Amino acid sequence: MAALAQPLARRLTVSPMLRFLGRLLREKPLGAVGGIVFALFLCIGLFADLIAPYGANQISPINRLKPPSSMFLFGTDNLGRDVLSRCIYGAQLSVIIGFCAAGLATLISVAIGIVSGYLGGKFDLITQRFVDAWQSFPDLVVLIVVVSVVGPGMPQIIVTLGLLLGVAGSRIIRSAVISVREHMYVHAAQSIGASTARILWRHVLPNVLAPIVVLFTTRVGAVILIESALSFLGLGVPPPAPTWGGMLAGSGRAFMFHGPWLALAPGLCLTIVVYAINVFGDALRDLFDPRMRGSR
Amino acid sequence: MQAYIVRRLLALIPALFLASVIVFATVRLIPGSVIDLMLSQNDISADKLSRDQLIAALGLDKPIWEQYARWMGGILFAGDFGRSLWGNTPVAELLLARLPVTFELGLMALVVALAVAIPIGAYSAMRQDTVGDYLGRSFSILMLAVPSFWMGTMVMVFPSMWWGWSPEVKFVPFRQDPLHNLSQMILPAIILGTSLSAVTMRLTRTMMLEVLRQDYIRTARAKGLSENLVIARHGLRNALIPVVTLIGLQAPLLIGGAVIMEQIFVIPGMGLLLLEAVNQRDYPIITGVFLIVGVAVMLINLLVDLSYGLLDPKVRYR
Chain A
731 MAALAQPLAR RLTVSPMLRF LGRLLREKPL GAVGGIVFAL FLCIGLFADL IAPYGANQIS
791 PINRLKPPSS MFLFGTDNLG RDVLSRCIYG AQLSVIIGFC AAGLATLISV AIGIVSGYLG
851 GKFDLITQRF VDAWQSFPDL VVLIVVVSVV GPGMPQIIVT LGLLLGVAGS RIIRSAVISV
911 REHMYVHAAQ SIGASTARIL WRHVLPNVLA PIVVLFTTRV GAVILIESAL SFLGLGVPPP
971 APTWGGMLAG SGRAFMFHGP WLALAPGLCL TIVVYAINVF GDALRDLFDP RMRGSR
Chain B
109 MQAYIVRRLL ALIPALFLAS VIVFATVRLI PGSVIDLMLS QNDISADKLS RDQLIAALGL
169 DKPIWEQYAR WMGGILFAGD FGRSLWGNTP VAELLLARLP VTFELGLMAL VVALAVAIPI
229 GAYSAMRQDT VGDYLGRSFS ILMLAVPSFW MGTMVMVFPS MWWGWSPEVK FVPFRQDPLH
289 NLSQMILPAI ILGTSLSAVT MRLTRTMMLE VLRQDYIRTA RAKGLSENLV IARHGLRNAL
349 IPVVTLIGLQ APLLIGGAVI MEQIFVIPGM GLLLLEAVNQ RDYPIITGVF LIVGVAVMLI
409 NLLVDLSYGL LDPKVRYR
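From first to last, the protein sequence lines stand for chains A and B. For the record, in the first sequence the residue sitting at position 118 is 848 according to this note's numbering, with numbers rising by one throughout. For the record, in the second sequence the residue sitting at position 266 is 374 according to this note's numbering, with numbers rising by one throughout.
Encoded structure:
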């Protein structure tokens, strides 16, 4: 009996995932490419130390401002540091900050959104006023103020971004929950006396899973963008850390006139990664949303 | 409707209170080490402040509730945001001078964003899965991914390298020479607007797709309305309601983006004021900008909520 049950269980857990990947490839080829680039970005970030040809801050005075060549694929900067290596180490920072902050943000969004949206009434009203107050502040402005108080650094950026995007994103989950709340199956569950916790867990959560996954995916992109904007303003992870935003920062602009590749490489990395994440997120949304299914 | 407006205005009071507490609490977290840093770092003022003077100027020598009451009381009853630590200028004066500039930039960017987003979004939805749709969507997702500060940097670097042209750095106020001022603002507004348009475009398309599948659209077509009328009156009008909400939600993004544009193009608005204040650790200015930005976004969102009634007859204010 046990021997029989095991392969069955495995087939049940593995095949939906594979089937989903198959659908992604078949129905959303662009999204699949996005997903591959996203995975590649993740690998580059995780194994930056193995991939990068030079160190992030390895200075080589004789190779200052060298244009792209076989030795330095993306050229070198004003200190003779290899731009490709710095981009690769920049990916590492982006992966860490992106996943940590987006994960934290999604958890917060789901917790606030589901409870506030399902319970409604006074609780919802009070929560929403708080969310109102909280998200009236532009992420970038809050980050700038926080950095001015506690100083620049990765942990405070992750926590601040997680809180900021988390509270803001709860609106998206909440509105999804509100539409699910009025569905017949929720009323049915209520009428047979299911507890609120059970309804939230078994009926509401699975039905808002799609926006949650899409929210997380797009949040990773958003975090990477905001963090790089902060570094661009010189208030992110402090130099000489090779952040993509920092590499574009105003202080280096004088050198960009002599080495335009300095202006191109980090911006291209940012754009490609965020683009890939967004395309992937979009494809996920389309595949998850049953109303969109088969409506081509 | 009137009762609703009154209720919303009343609801604004606790929200403003919460916002002021957030602002107050964030900036009062200043650790003592920062004060030492400020003392060692700042040689901008001719007569250097002593440690006690600085602490007194920041109001940190009093109990926390008294600090809040003094700060809030000053703003509410005298419009007094305190004085700049190093320049000794009243913060309110600085804010009043900078606010219109950022407002102008934001408004121009918003107009650009909507003018780009709504037509492309609607077109994309109407021609779902055609080449036009793919182009529109690719453009919008691409705009979403291109950081505005990178676009700004490239606009500063490449035209100057190729054609020796670079944007002016000397800012001309609107009152002095409106046309000259607009010609200076249009470039940052276009960059900011196109990067904001992406989200609006995506939402317009998504909502439009959803709306176009509704029964009332089929009914409208069945009763022989022209396609344009179906799209404009039954489609867009329903699809744009969430888009209006999005404008409210994007207000913070607009201001955040304005900070970056102001830094790149050296436009003396609120954003540049904030960045200058952060560099000098001039906390009264930081607090003032922080609060004003929050209040501005709240008011924009109130306007957005109130505009629902005009757009959506289904919404009844209770």
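Every residue gets a Cβ at the ideal spot worked out from N, C-alpha and C, and that includes glycine. These numbers come from a predicted model, not from an experiment.
At a CB-CB cut-off below 9 Å, which residues of chain B make contact with residue i?
| i | result |
| --- | --- |
| residue 864 (chain A) | 126, 127 and 130 |
| residue 885 (chain A) | Neighbours of residue 885 (chain A) on chain B: none; closest Cβ ~15 Å, over 9 Å. |
Report yes or no: is there a C-beta of chain B within less than 7 Å of the C-beta of residue i?
| i | result |
| --- | --- |
| residue 1000 (chain A) | yes |
| residue 993 (chain A) | yes |
| residue 808 (chain A) | no |
| residue 868 (chain A) | yes |
| residue 986 (chain A) | yes |
| residue 959 (chain A) | yes |
| residue 892 (chain A) | no |
| residue 978 (chain A) | yes |
| residue 937 (chain A) | no |
| residue 859 (chain A) | yes |
| residue 1009 (chain A) | yes |
Can you check whether the C-beta of residue i is within less than 7 Å of a C-beta belonging to chain A?
| i | result |
| --- | --- |
| residue 194 (chain B) | no |
| residue 164 (chain B) | no |
| residue 270 (chain B) | no |
| residue 258 (chain B) | yes |
| residue 123 (chain B) | yes |
| residue 261 (chain B) | yes |
| residue 376 (chain B) | no |
| residue 398 (chain B) | yes |
| residue 228 (chain B) | no |
| residue 368 (chain B) | yes |
| residue 349 (chain B) | no |
Just the C-alpha distance for residue i and residue j, rounded to the nearest angstrom, thanks.
| i | j | result |
| --- | --- | --- |
| residue 278 (chain B) | residue 374 (chain B) | 8 Å |
| residue 384 (chain B) | residue 256 (chain B) | 20 Å |
| residue 191 (chain B) | residue 391 (chain B) | 10 Å |
| residue 365 (chain B) | residue 260 (chain B) | 11 Å |
| residue 201 (chain B) | residue 262 (chain B) | 34 Å |
| residue 1009 (chain A) | residue 832 (chain A) | 17 Å |
| residue 896 (chain A) | residue 943 (chain A) | 14 Å |
| residue 407 (chain B) | residue 356 (chain B) | 9 Å |
| residue 929 (chain A) | residue 837 (chain A) | 19 Å |
| residue 297 (chain B) | residue 220 (chain B) | 7 Å |
| residue 793 (chain A) | residue 985 (chain A) | 14 Å |
| residue 952 (chain A) | residue 941 (chain A) | 16 Å |
| residue 339 (chain B) | residue 903 (chain A) | 29 Å |
| residue 124 (chain B) | residue 180 (chain B) | 11 Å |
| residue 888 (chain A) | residue 359 (chain B) | 23 Å |
| residue 870 (chain A) | residue 329 (chain B) | 46 Å |
| residue 854 (chain A) | residue 935 (chain A) | 18 Å |
| residue 826 (chain A) | residue 1005 (chain A) | 18 Å |
| residue 783 (chain A) | residue 818 (chain A) | 9 Å |
| residue 778 (chain A) | residue 812 (chain A) | 14 Å |
| residue 326 (chain B) | residue 334 (chain B) | 12 Å |
| residue 198 (chain B) | residue 183 (chain B) | 12 Å |
Would you grab the beta carbon distance between residue i and residue j for me? Rounded to a whole angstrom, and I think it's under 8 Å.
| i | j | result |
| --- | --- | --- |
| residue 167 (chain B) | residue 161 (chain B) | Not confirmed; about 12 Å, so no contact. |
| residue 754 (chain A) | residue 765 (chain A) | 7 Å |
| residue 880 (chain A) | residue 311 (chain B) | About 35 Å; that fails the 8 Å criterion. |
| residue 1058 (chain A) | residue 814 (chain A) | Lying before the first or after the last residue shown, residue 1058 (chain A) is absent from chain A, which here runs from 731 to 1026. |
| residue 410 (chain B) | residue 213 (chain B) | Going by Cβ atoms, the distance from residue 410 (chain B) to residue 213 (chain B) rounds to 22 Å, so no, they are not a contact pair. |
| residue 976 (chain A) | residue 882 (chain A) | Not a contact, Cβ separation roughly 10 Å. |
| residue 225 (chain B) | residue 293 (chain B) | The pair is not a contact, with the Cβ atoms about 20 Å apart (cut-off 8 Å). |
| residue 405 (chain B) | residue 352 (chain B) | Their Cβ separation, rounded to whole angstroms, is 15 Å, which puts residue 405 (chain B) and residue 352 (chain B) out of contact at 8 Å. |
Can you name the residues of chain B whose CB is closer than 8 Å to the CB of residue i?
| i | result |
| --- | --- |
| residue 802 (chain A) | Under the 8 Å cutoff, chain B gives no residues; its nearest Cβ is about 20 Å from residue 802 (chain A). |
| residue 904 (chain A) | Residues of chain B passing the Cβ test: none, with the nearest at roughly 13 Å. |
| residue 990 (chain A) | 265, 266 and 269 |
| residue 1018 (chain A) | Result: empty, since nearest Cβ-Cβ is about 13 Å, beyond 8 Å. |
| residue 983 (chain A) | 261, 264 and 265 |
If the cut is a Cβ gap below 7 Å, which residues of chain B does residue i touch?
| i | result |
| --- | --- |
| residue 1004 (chain A) | 253 |
| residue 955 (chain A) | 255 |
| residue 829 (chain A) | Simply none; closest approach about 18 Å. |
| residue 854 (chain A) | By Cβ distance, chain B contributes nothing, its closest Cβ being about 13 Å from residue 854 (chain A), past 7 Å. |
Starting from residue i, find everything on chain A with Cβ-Cβ shorter than 9 Å and list it in chain order.
| i | result |
| --- | --- |
| residue 406 (chain B) | 862, 863 and 866 |
Applying a beta-carbon distance threshold of less than 7 Å, which residues of chain A neighbour residue i?
| i | result |
| --- | --- |
| residue 275 (chain B) | Chain A residues near residue 275 (chain B): none, gap ~13 Å exceeds 7 Å. |
Listing by chain order, which chain A residues have their CB less than 8 Å from the CB of residue i?
| i | result |
| --- | --- |
| residue 134 (chain B) | 872, 875, 876 and 879 |
| residue 428 (chain B) | Nothing about residue 428 (chain B) can be read from this structure; chain B reaches only from 109 to 426. |
> Okay, do the segment 114 to 130 of chain B and the segment 397 to 417 of chain B touch, 3+ Cβ pairs below 8 Å being the bar?
Replying inline: yes
>> Does the segment 859 to 870 of chain A come into contact with the segment 913 to 929 of chain A, if we say contact requires no fewer than three beta-carbon pairs (one atom in each stretch) closer than 8 Å?
In response: no
> Are the segment 230 to 247 of chain B and the segment 312 to 325 of chain B touching by the rule of at least three beta carbon pairs closer than 8 Å?
Replying inline: yes
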